[in-house]
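Chains W and U supply the protein sequences, listed in that same order.
Take 1 as the starting number for the first sequence in this note's numbering and just add one per residue.
Take 346 as the starting number for the second sequence in this note's numbering and just add one per residue.
Protein chains: 2
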Amino acid sequence: MDTMRWSGGCLEILDQTLLPERVEYIKCRDYQTVCQAIRRLSVRGAPAIGAAAAYGLALGAFSLDTRDRRDFISALEKIAADLAATRPTAVNLQWALDRLLAAVKNSAAGDVAELKQKLLDEAHAIYREDLESNRRMGRFGQELVPDGAVILTHCNAGALATAGLGTALGVIRAARDAGKRVSVMADETRPLLQGARLTAWEMLQENIPVTLVADNMAGYAMALGKVDLVIVGADRIAANGDVANKIGSYSLAVLADAHGIPCYSAAPLSTVDLETKSGEDIVIEERPAEEVARPYGLEIAPPGMAVANPAFDVTPARLITAIVTDAGVARPPYEKSLAALFGRS
Amino acid sequence: MDTMRWSGGCLEILDQTLLPERVEYIKCRDYQTVCQAIRRLSVRGAPAIGAAAAYGLALGAFSLDTRDRRDFISALEKIAADLAATRPTAVNLQWALDRLLAAVKNSAAGDVAELKQKLLDEAHAIYREDLESNRRMGRFGQELVPDGAVILTHCNAGALATAGLGTALGVIRAARDAGKRVSVMADETRPLLQGARLTAWEMLQENIPVTLVADNMAGYAMALGKVDLVIVGADRIAANGDVANKIGSYSLAVLADAHGIPCYSAAPLSTVDLETKSGEDIVIEERPAEEVARPYGLEIAPPGMAVANPAFDVTPARLITAIVTDAGVARPPYEKSLAALFGRS
Chain W
1 MDTMRWSGGC LEILDQTLLP ERVEYIKCRD YQTVCQAIRR LSVRGAPAIG
51 AAAAYGLALG AFSLDTRDRR DFISALEKIA ADLAATRPTA VNLQWALDRL
101 LAAVKNSAAG DVAELKQKLL DEAHAIYRED LESNRRMGRF GQELVPDGAV
151 ILTHCNAGAL ATAGLGTALG VIRAARDAGK RVSVMADETR PLLQGARLTA
201 WEMLQENIPV TLVADNMAGY AMALGKVDLV IVGADRIAAN GDVANKIGSY
251 SLAVLADAHG IPCYSAAPLS TVDLETKSGE DIVIEERPAE EVARPYGLEI
301 APPGMAVANP AFDVTPARLI TAIVTDAGVA RPPYEKSLAA LFGRS
Chain U
346 MDTMRWSGGC LEILDQTLLP ERVEYIKCRD YQTVCQAIRR LSVRGAPAIG
396 AAAAYGLALG AFSLDTRDRR DFISALEKIA ADLAATRPTA VNLQWALDRL
446 LAAVKNSAAG DVAELKQKLL DEAHAIYRED LESNRRMGRF GQELVPDGAV
496 ILTHCNAGAL ATAGLGTALG VIRAARDAGK RVSVMADETR PLLQGARLTA
546 WEMLQENIPV TLVADNMAGY AMALGKVDLV IVGADRIAAN GDVANKIGSY
596 SLAVLADAHG IPCYSAAPLS TVDLETKSGE DIVIEERPAE EVARPYGLEI
646 APPGMAVANP AFDVTPARLI TAIVTDAGVA RPPYEKSLAA LFGRS
């Protein structure tokens with residue numbers, strides 16, 4: 001199942017809010033529909049958001065009717081700003097938009113039609129490269145997985161969060177493909193239940209044994225010796241190795257540390273933002289109260305209830321055993337190891 | 346609102362599964378209906394279960410038509426066994442049944458009708474004493490609450506879990522009544538959402554400021570310095586101070602410890618079981634998978650999903666800063682302090 005697909009000048013986005021009950025694609029013929037799909041989490045997961053935004057910018061470009069290169073770029077930058085504003089935490093969103101804008105600005109082509117095609121080509125490239133990136137991440141990461149491991153994961157860092165395979169789930173798939181017996185414990189991941197709806201579903205489809213738990217059960221499972229390692233994705237990784245990821249990841253890292261269990265984050269280098277020095281510089285998105293208080297429209301809390309709903313948290317680098325990237329595995333100290341993976345050290 | 350009430354030979358139990366949307370009482374005219382109400386968590390919370398079971402035993406007694414004292418007691422013991430089997434973890438259930446059985450066995454009355462009345466009187470006494478017990482717990486516990494504290498709590502250890510006021514929430518109420526400005530952060534407490542449905546509702550009714558969070562958000566709130574203390578109830582406390590409580594309490598205690606935040610448990614002495622040496626001896630109830638995978642009948646996970654659903658966990662005594670009881674506050678080492686509260690040291 002494709003997380004998204006380009007078809008006849010239209011970006012079709014799998015509406016993940018309906019999974020696993022219904023498989024429906026949202027047809028985006030303009031960038032505003034892409035913005036909306038990102039904002040309401042029909043498409044989610046840092047790499048998938050990056051690709052969707054890239055296609056969104058291409059869609060926006062096709063709608064511009066100027067033939068003037070400068071006007072075109074100026075309008076493009078406004079569209080990119082709209083797309084970037086949809087969600088603040090995942091850095092791949094900005095990364096993909098910057099990549100497309102740079103491709104246009106660095107292009108020798110003067111013809112706007114050519115530039116439009118260039119944008120679409122670049123969006124295709126981002127999507128295509130992501131799959132290959134996940135494949136590499138899997139190869140590097142699976143070496144960290146012992147045979148017979150029970151792997152706890154949170155949210156969905158799987159095929160549905162990427163162009164395919166996934167980051168954290170890509171590592172799990174690769175471990176299985178390397179002949180290791182692995183099983184998964186999936187946190188349901190309130191409020192939007194990506195663990196229950198998406199991760200559990202992906203693992204079932206792959207015939208990888210998976211047990212669903214409520215988020216508050218993971219710590220006790222660790223105490224009972226039922227978890228061998230924790231692996232999550234990332235929405236942004238700072239230069240010092242601090243990892244922003246789905247809310248609850250921080251608690252898992254503290255719990256893993258308290259139980260002597262390794263805790264990994266898997267993400268492509270496009271998720272590592274060397275401009276972000278530490279987690280303190282990462283903006284955490286606060287999402288609508290209704291996601292917590294009115295899931296599926298159900299009144300699970302009294303009317304007028306005050307709610308906190310941060311979508312992400314930041315895990316300090318000291319709690320992360322290693323970071324699996326598509327360029328290799330980084331170990332502490334991350335300032336050095338991450339920079340080295342970028343070839344900057 | 347009464348958690349339960351005795352009216353015209355009938356035990357009316359507030360159906361907490363319908364809160365906060367609907368206020369309905371289940372009319373129990375026989376002990377089987379009480380068993381069912383306990384099993385399906387219409388009534389929950391260790392002290393409330395104890396009281397409900399006591400009334401259930403009285404109801405069962407009234408249905409017996411023997412006039413023979415020995416036959417009567419023998420039938421009563423079978424009913425008590427049925428009631429005790431409804432839920433394995435909360436010790437107040439067995440404690441209340443034992444108290445009623447002892448009252449009958451120790452009674453000089455030979456007349457079965459008198460014994461039946463004795464059982465009902467004893468059930469009334471348990472219910473009445475619980476309110477007073479909560480009042481004392483509040484007085485002792487509120488001294489641990491600093492002015493201005495943000496108090497994180499889990500599940501519902503409130504008026505709805507008891508005959509009134511509550512254990513953990515009783516302490517919060519008492520702190521407010523002592524003139525302290527307090528506010529509450531309530532974990533929603535999956536799978537059955539007692540925090541969202543019951544604790545948030547109780548606090549709103551009391552005009553105590555309360556913010557609802559998903560369970561996986563509490564740790565990050567601690568990291569941000571937004572939590573001053575944690576207080577939870579207990580379903581069983583072992584002689585060494587290990588605390589069995591709603592699943593997720595253990596994780597909160599580990600997280601509180603990692604952040605240097607005090608973590609308290611509040612429970613009457615009837616929840617302390619000196620016969621249970623440590624948490625290892627406590628049976629943890631595993632509840633139906635549907636509670637996690639099919640909340641409100643919604644298909645949030647793929648069909649056929651394997652689920653773990655332990656209703657409780659055990660927090661080791663070393664993570665509990667103090668235990669607030671109706672006989673005073675116990676501090677480590679708990680073997681001594683708890684025994685002292687029973688007047689055994």
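We treat Cβ as the ideally placed atom computed from N, Cα and C, and that holds for glycine.
Any chain U beta carbon closer than 7 Å to residue i
i: residue 147 of chain W; result: no
i: residue 288 of chain W; result: no
i: residue 21 of chain W; result: yes
i: residue 255 of chain W; result: yes
i: residue 55 of chain W; result: no
i: residue 42 of chain W; result: no
i: residue 251 of chain W; result: yes
i: residue 15 of chain W; result: no
i: residue 345 of chain W; result: Confidence at residue 345 of chain W is low in this model, with a pLDDT of 48, below 50, so its placement is unreliable and no value can be given for it.
Same chain, Cβ closer than 7 Å to residue i, neighbours up to 5 away in sequence not counted
i: residue 646 of chain U; result: 638
i: residue 510 of chain U; result: 476, 479, 480, 483, 504 and 518
i: residue 614 of chain U; result: 670, 671, 672, 686 and 687
i: residue 215 of chain W; result: 187, 188, 189, 190 and 248
i: residue 277 of chain W; result: 238, 239 and 240
i: residue 236 of chain W; result: 89, 90, 91, 244, 271, 273, 276 and 282
Beta carbon proximity, residue i to chain W, threshold 7 Å
i: residue 593 of chain U; result: yes
i: residue 603 of chain U; result: yes
i: residue 370 of chain U; result: no
i: residue 528 of chain U; result: no
Residue i to residue j span [Cα, whole Å]
i: residue 605 of chain U; j: residue 591 of chain U; result: 22 Å
i: residue 493 of chain U; j: residue 545 of chain U; result: 19 Å
i: residue 240 of chain W; j: residue 252 of chain W; result: 20 Å
i: residue 688 of chain U; j: residue 520 of chain U; result: 27 Å
i: residue 448 of chain U; j: residue 679 of chain U; result: 30 Å
i: residue 115 of chain W; j: residue 49 of chain W; result: 22 Å
i: residue 566 of chain U; j: residue 572 of chain U; result: 6 Å
i: residue 83 of chain W; j: residue 20 of chain W; result: 27 Å
i: residue 4 of chain W; j: residue 179 of chain W; result: 30 Å
i: residue 675 of chain U; j: residue 603 of chain U; result: 22 Å
i: residue 67 of chain W; j: residue 273 of chain W; result: 35 Å
i: residue 79 of chain W; j: residue 34 of chain W; result: 11 Å
i: residue 349 of chain W; j: residue 64 of chain W; result: As shown, chain W starts at 1 and ends at 345. That puts residue 349 of chain W outside it, with no answer to give.
i: residue 389 of chain U; j: residue 557 of chain U; result: 20 Å
i: residue 451 of chain U; j: residue 420 of chain U; result: 17 Å
i: residue 210 of chain W; j: residue 361 of chain U; result: 32 Å
i: residue 455 of chain U; j: residue 404 of chain U; result: 19 Å
i: residue 373 of chain W; j: residue 10 of chain W; result: Because chain W in this structure spans residues 1 to 345, residue 373 of chain W falls outside the shown range and cannot be described.
i: residue 18 of chain W; j: residue 86 of chain W; result: 20 Å
i: residue 77 of chain W; j: residue 108 of chain W; result: 18 Å
i: residue 391 of chain U; j: residue 631 of chain U; result: 16 Å
i: residue 690 of chain U; j: residue 569 of chain U; result: With a pLDDT of 48 at residue 690 of chain U, under the threshold of 50, the modelled position of this residue cannot be trusted; read the value that follows with caution. Their Cα atoms are separated by approximately 42 Å.
C-beta contact flag for residue i and residue j at 7 Å
i: residue 441 of chain U; j: residue 399 of chain U; result: yes
i: residue 564 of chain U; j: residue 600 of chain U; result: yes
i: residue 31 of chain W; j: residue 14 of chain W; result: no
i: residue 198 of chain W; j: residue 156 of chain W; result: yes
i: residue 334 of chain U; j: residue 446 of chain U; result: There is no way to answer for residue 334 of chain U, as the model of chain U reaches only from 346 to 690.
i: residue 527 of chain U; j: residue 576 of chain U; result: no
i: residue 658 of chain U; j: residue 609 of chain U; result: no
i: residue 153 of chain W; j: residue 163 of chain W; result: no
i: residue 457 of chain U; j: residue 417 of chain U; result: yes
i: residue 125 of chain W; j: residue 242 of chain W; result: no
i: residue 612 of chain U; j: residue 578 of chain U; result: yes
Close beta carbons around residue i, own chain, < 8 Å, minus the five adjacent residues each side
i: residue 289 of chain W; result: 305, 306, 307 and 309
Same chain, Cβ closer than 6 Å to residue i, five either side skipped, listed in chain order
i: residue 12 of chain W; result: 5, 25 and 27
i: residue 315 of chain W; result: 243, 249, 250 and 253
Residue i beta carbon near the ligand ZN (any heavy atom closer than 6 Å)
i: residue 274 of chain W; result: For the structure depicted, the ligand ZN is absent and the ligand set is empty, with no information on it obtainable.
Check: What residues from the region 186-218 of chain W come within 8 Å of chain U, judged by C-beta to C-beta, listed N to C?
Finding: Within the region 186-218 of chain W, the residues whose Cβ lies closer than 8 Å to some Cβ of chain U are 187, 188, 189, 190, 191, 193, 196, 197, 200, 201, 204, 209, 210, 211, 212, 213, 214, 215, 216, 217 and 218, listed in chain order.
Note to self: Tell me which residues of the region 623-657 of chain U have at least one Cβ-Cβ distance to chain W shorter than 7 Å, keeping chain order.
What the structure shows: Taking a C-beta cut-off of 7 Å against chain W, the contacting residues of the region 623-657 of chain U are 637, 638, 641, 643, 644, 645, 646, 647, 650, 651, 652, 653 and 655, listed in chain order.
Check: Taking Cβ-Cβ distances below 8 Å as the criterion, which residues of the region 217-237 of chain W are in contact with chain U?
Finding: Listed in sequence order: 217, 218, 219, 220, 221 and 223.
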